[in-house]
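The structure appears below as structure tokens.
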Amino acid sequence: MKIVLYSGGNEDDNRFLNQRALELTGVKSPKLTLIPSSSYDAEDDFRFFVQEFSKLGVQKFMHFCVDIPYTKTVLKEAMKSDLIFLGGGNTFYFLKHLKKAGMFSHFSKFLKRGGVLCGLSAGAIILTPHVHTASFPHFDRDENPWDMKNLSAMRVVNFEFFPHYKNSKRYDAELLHHSKKTTIPLYACADGGGIIVDNDQISFCGKSHQFFQGKKLTISNYLG
Amino acid sequence: MGNTKLKESRPSKETSKVNSGFPKFQEIDGNHPLKKQVPEAVVEYQVRTRHGGNVAFFNFDLAREIGLIPENHPDELTKELKDEILKTFSIVIINEYDMMNNFNFPKEEIRPNTYMATRYLQLQHPCKKGTTSGDGRSIWNGQLTHKGKSYDISSCGTGATKLSPACNINKKFYQTGDPTVSYGCGYSEKDEGLSSLFFSEVLAKNGLETERVLAIIEFAKGLAINVRVHDNLLRPSHMFNHLKQNNLPTLKRMVDYYIERQVKNKIYKNAPTDSKSLYDYFLNKVVETFAQMSADFEDQYIFCWLDWDGDNILMDGGIIDYGSVRQFGLYHHEYRYDDVQRWSTSIKEQKQKARYIVQTFAQIVDYIKNEKKRSIDDYKNHHAVQSFEKRFFDYKNRNILMKMGFNSKFTAYLLENHRKDIEEFRNDFTYFEMAKSVKGPQKVPDGINWNAIFCMRDILRELPQLYLNRGLNEKISENEFLDIIKSSYATKTDLKRTLRRDLKIRSFQKNYVKLINLASKKFKEAPEKVLLDVSMRSSVINKYDRVTGDSITTIVNKVMNRKPKLSAEEISVVLKEFVEYQNLNPDKERRTSNFETEKEQSRLVKGMLQIVREYRDGI
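In the order they appear, the protein sequences are chains H and S.
Here this note's numbering is used: the first residue of the first sequence is 2, the next is one more, and so on.
Here this note's numbering is used: the first residue of the second sequence is 1229, the next is one more, and so on.
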């Protein structure tokens, strides 16, 4: 399975991860599909997506929203892509609509046939077993006005992911508290950083931290 | 019935101009140049203060644009501003009924100047010459000049005038607010104002000429005064009445007034100075305006009940009176509005009505130039009418290229060099756009419709990205095409494949690809690059959720029923967000995205957008 989790960031911040994600496709002229978290202003997201990956020579792009009705034709075409990129936004809204659209089974098939599945922020959290990390810290969390109770997600990786991490006491306090309650590690990455999973290999981009059983560990060996 | 002035109740000096922090408001005092230049075209009324009003909405952006408030004024309805708005616009006319019944109003409440209701032709009036018709429940507050441009300001719901249909059909004057007549009572309602507001702001944002709502003053029982602004509120019908009455002097003065105003506002540029050439120039402008307007309305599915009387439209092609204006999600070309005594025209008949308006202007110009009125039939093949026909299709060609997503460079080249190829594609496009459901005509709440079944915006949005991924040589199958293009109105039977339909699907794609390749070849850009640009632009232009008439009605109900009630400032914020989302200009400056920005829409706006989605295929 080829998976890339992005924390977030602006323009050039993710150049390294973008490059690695494209390399993982193993295709000279890859086809890329953006699935934004929401169709509201999705055109802006698409424009930015094209702008960033065009710099790396990509020419074939699609975008595809799951929170509005879509056709089989477009879905089928999107699943033929070499790389699918799940955008950021409200994690709960995105999860709700991905589930409603039955997208997880499509993504599983996509991964099995060698496609690269990327996620940024909310899109990355959705690749983990559940989306609890979107609910904290209390000063910077996603709203859940739909009061979603079932927070289980795709589980294509066996760790939790915390995007937009800032190395500060108040973040650490909440992350350490959360890590005491779970049995899997939580990886926190700052903007511009992320995690690359290439089958059994996991590598980190940018300075990352592991929170596990109430302890914080800084990962010193990282790419980029 | 002439111009009416009160004798007993004299205006008080106390209501005259006083110093205020908003001096421009003082200029809105009933004075308007039309009163002096064409006095026969207006009926003047004295007005008095109407109490009990509250400012339900104020358009801060528009107020800044016309210089009513300083540019640095925040979007905040201060007490001073609120008082100024109410003082200026919360008025009601003293009409014929009031006079006949010797109503005496407190002197201090009567304004020093008269306000005019304008006369114009209206088909719903018994007199087909426009001698008794015009503003039935509106008055013009005045004219404001800012940065060299003048704006007309009028208010709807300011009392029953003698120009309303009810007054002339029943041959009696009505007291303002008389509950036995609806439209004739002279009042308007808050939901009318809000509908006009949301609709007009969306259309204005997308580059269409339209009246815009400046303020809504609400009263008890859902009543309101709705204040509107445009740089020139004259309609063709303001001239057609004088033509029908063979009143050459008044007609000429009205046309001259209009031309002079457009020149002053720099909308007419390089206008000739000799009068005969100036009238020809004016006619050319009318041709251009109405050709573009009718093509735009047809291509953007805007229905505005255009008719021979030249009402419901402004001289510059702007939209006015949103009561019967709609924007369809699909090309519902069989929809007709039921106006009790008559059916409206349909969207596809609008072009013929626009053509007839041009024909009437050809008659007007000839009449003015030669001082002899000839039959309207003599102008059927007038060069202005022929020119209208040509320009209409020029605009249709331009519109289809823009809708496809071509930028202005590609569009200009294709228009100049490949008209035939564009028209071939447009023919295929029209074939699908016009397709109707096998279900036949259906009743809808306010009229009748025969549902269109295909959503052309969807195919224009999805096709370029499918080609981009598959390659231009790999067409999409007939089933895939129908899968994308089908709307919520299409039944299984509607989607049946036929030989002709299959051929059209292939032809559509062949001609689409041809246009892409022509642009690519000329500018030496790879077809994929052209497609990518087209794809990104088209995703904005043909956004999944675009407002329709029904969605606006539902949104307005939502705003009206909102508890706690939205303040004027809150409506302003919600409106801005909503309108920004409905801005379908692919060249607009877009926010910097890192494709993860938390969307800013408030929950109310998201609710509105959800409504837009639900009604996206409707009328």
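Heads up, the beta-carbon is just placed ideally off N, CA and C, and yes, glycines get one too.
A distance below 8 Å separates the beta carbons of Val1430/S and Val1807/S. When secondary structure is reduced to three states using DSSP, Gly1777/S falls in the helix class. Only those residues of the segment 33-60 of chain H whose C-beta falls short of 9 Å from the nearest C-beta of chain S are listed: Thr34, Leu35, Pro37, Ser38, Ser39, Ser40, Tyr41, Asp42, Ala43, Glu44, Asp45, Asp46, Phe47, Arg48, Phe49, Phe50, Val51, Glu53, Ser55 and Gln60. Under the three-state reduction of DSSP output, Gln60/H falls in the coil class, being neither helix nor strand. For Arg1456/S, the enclosing beta strand (DSSP E) begins and ends at Leu1451 to His1458.
Under the three-pair Cβ rule at 8 Å, the segment 1664-1683 of chain S counts as touching the segment 1559-1578 of chain S. Runs of the alpha helix (DSSP H) lying entirely within the segment 1282-1312 of chain S, each at least 4 residues long, are 1288-1293 in chain order. By the criterion of a C-beta distance shorter than 6 Å, His131/H is surrounded in its chain by Leu152, Ser153 and Ala154, once the five residues flanking it on both sides are discounted.
For the segment 58-77 of chain H, the set of positions with a beta-carbon nearer than 8 Å to some beta-carbon of chain S reads Gln60, Lys61, Phe62, Met63, His64, Cys66, Ile69, Thr72, Lys73, Thr74 and Val75 in chain order.
Given a length threshold of 4 residues, each whole run of the alpha helix (DSSP H) inside the segment 1390-1465 of chain S is given here in chain order: 1393-1397 and 1418-1433. The DSSP assignment places 43-55 and 73-80 as complete runs of the alpha helix (DSSP H) inside the segment 43-100 of chain H, in order along the chain (cut-off: 4 residues).
Contact of Gln1737/S with chain H by beta-carbon distance below 7 Å is absent, the smallest such distance being about 14 Å. Going by DSSP, Arg1276/S is part of the beta strand (DSSP E) stretching over Val1270 to Thr1277. The beta carbons of Phe1682/S and Ile1713/S sit closer together than 8 Å. Contact check for Ser1366/S against Gln1350/S fails: the beta carbons are separated by 8 Å or more. Val1666/S counts as exposed, since fewer than 16 other C-beta atoms from the protein chains shown sit within 10 angstroms of its C-beta.
With contact defined as three or more Cβ pairs closer than 8 Å, the segment 1568-1587 of chain S and the segment 1431-1441 of chain S are not in contact. At a cut-off of 8 Å between beta carbons, Tyr1563/S makes no contact with chain H.
The beta carbon of Gln1693/S falls within 8 Å of a beta carbon belonging to chain H, placing the residue at that interface. Put simply, of Thr1782/S, Leu1837/S, Gln1591/S and Leu1812/S the residue whose alpha carbon is nearest the alpha carbon of Leu1422/S is Thr1782/S.
Within the segment 1741-1769 of chain S, the residues whose Cβ lies closer than 7 Å to any Cβ of chain H are, in chain order, Glu1756, Leu1760, Met1764, Ser1767 and Val1768. Residue range Lys1377 to Cys1384 is occupied by the beta strand (DSSP E) that includes Tyr1379/S, with no alpha helix (DSSP H) assigned at that position.
When DSSP states are grouped into helix, strand and coil, Ser1503/S belongs to the helix group. Inclusion of Gly89/H and Gly9/H in the CB contact set at 8 Å is warranted, their separation being smaller than that value.
Note: Gln1578/S is not bridge-paired with any residue in the DSSP secondary-structure output. Judged by beta-carbon spacing, Arg1844/S lies beyond the 8 Å limit of Gly1633/S, meaning their Cβ atoms are not closer than that value. Judged by DSSP secondary structure, Ala1345/S falls within the beta strand (DSSP E) whose first and last residues are Ile1338 to Thr1346. Bridge partners of Asp1606/S according to DSSP: none are assigned.
For Asn1635/S, the nearest beta carbon of chain H is not closer than 8 Å to its own beta carbon. About 7 Å separates the beta carbon of Phe205/H from that of Leu224/H, a gap short enough to meet the 8 Å contact definition. With contact defined as three or more Cβ pairs closer than 8 Å, the segment 2-20 of chain H and the segment 190-198 of chain H are in contact. Listed as beta-bridge partners of Tyr7/H by DSSP are Leu121/H and Gly195/H.
Annotation: Cβ neighbours of Arg1841/S in chain H (cutoff 8 Å, chain order): Ile69. Annotation for Ser1574/S: His1561, Glu1562, Tyr1563 and Arg1564 place their beta carbon closer than 7 Å to its own, counting only its chain and skipping 5 residues before and after. As computed with DSSP, Thr219/H is found in a beta bridge with His210/H. Contact between Asn1323/S and Asp1257/S is ruled out by a C-beta separation of about 19 Å, above the 8 Å threshold.
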